[in-house]
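Numbering (mature numbering (1 follows the signal peptide of the UniProt record, and there is no 0)) for the sequence shown: -28 to -1, 1 to 184. Glycine included, C-beta positions come from ideal geometry on N, C-alpha and C. Predicted model only: the values in this text are computed from it and were never measured.
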Amino acid sequence: MFATTLNRTLRHAVLAALLAGSSSLALAGPLSYHVEIDTSQFSGAGFLDFAFIAGNSPAPGASAVLSNFSGAFGALASQEGNVSGSVPGTLTFGNSGAYNDWFHNVTLGGKFAFNVVFGGCFLNTAGNAGTTFGVGLLDASAGSYLGNVNGNLVQFELTPVNGGLPASIAGSTYASIASISAVPEASEWMMLTGGLALIGFALRRRQRLPAA
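Structure below.
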């Protein structure tokens, strides 16, 4: 009886720790996002403009890694600053350059999507300046924005640690044709899976135990 009670207590303690870990990760805010842009109301050629720009003051280091591209991407039009990679494939942006930009030809009329993962020392380094990641859609002349005449369809503000405030990532959309959704980290999936497995194990053991 004592051993059974001890085992049950240990399982409950481990489960509580896993769930507590999951909660703390959720409160810290996700680092990974899925972005979709629906251009079905447009047609012809256009451009998607990906930019990663630090604030006016020296900003703590930050990065944005884009992957899992889908949509009718054409050839690269131009790139500038601290950005490397390929589409489709992976793009890696840094914020060390004054202007870090990837300008890509697209064929309008369908959906475009990608995942973005943010990282860098801004997550644990104090600073007064953040970094902005934005995506804009332009027409074939590259002279007019589509969906949002003022600029970006999607924008993320990366704010470093500031005083007692933790670092944060705030995503916004500026048109109905764009959407953002959080992508769970692998560690979060592992914690959730582990917690569910422990719950199932505890329930099976309870069913097997003889009635007192």
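Close-in-space but distant-in-sequence residues of the same chain around residue 88 (CB under 6 Å, 5 per side omitted): 5, 36 and 38
Measure the Cβ-Cβ separation of residue 120 and residue 147 and say whether it is below 7 Å. yes
Nearest residue (CA-CA) to residue 34, options 28, 61, 95 and 46: 95
Using 8 Å as the Cβ pair cut-off and three pairs as the minimum, do the stretch 66 to 74 and the stretch 10 to 29 touch? yes
Which partner residues of residue 133 appear in the DSSP bridge assignment? 98
For the putative contact between residue 128 and residue 143, defined by C-beta atoms under 8 Å, what is the C-beta separation to the nearest angstrom? 5 Å
Under 7 Å between C-beta atoms of residue 64 and residue 53: no
Rounded separation between residue 137 and residue 98 - CA only: 9 Å
May I ask which residues mark the beginning and end of the beta strand (DSSP E) holding residue 40? 35 to 42
I'd like to check one pair, residue 27 with residue 139: are the Cβ atoms closer than 7 Å? no
What first and last residue would you give for the beta strand (DSSP E) that runs through residue 23? 16 to 26
Do you know how far the Cα of residue 134 is from the Cα of residue 17? 43 Å
Using a Cβ cut-off of 7 Å (strictly closer), state whether residue 142 contacts chain B. Of the protein chains in this structure there is only one, and it is not chain B.
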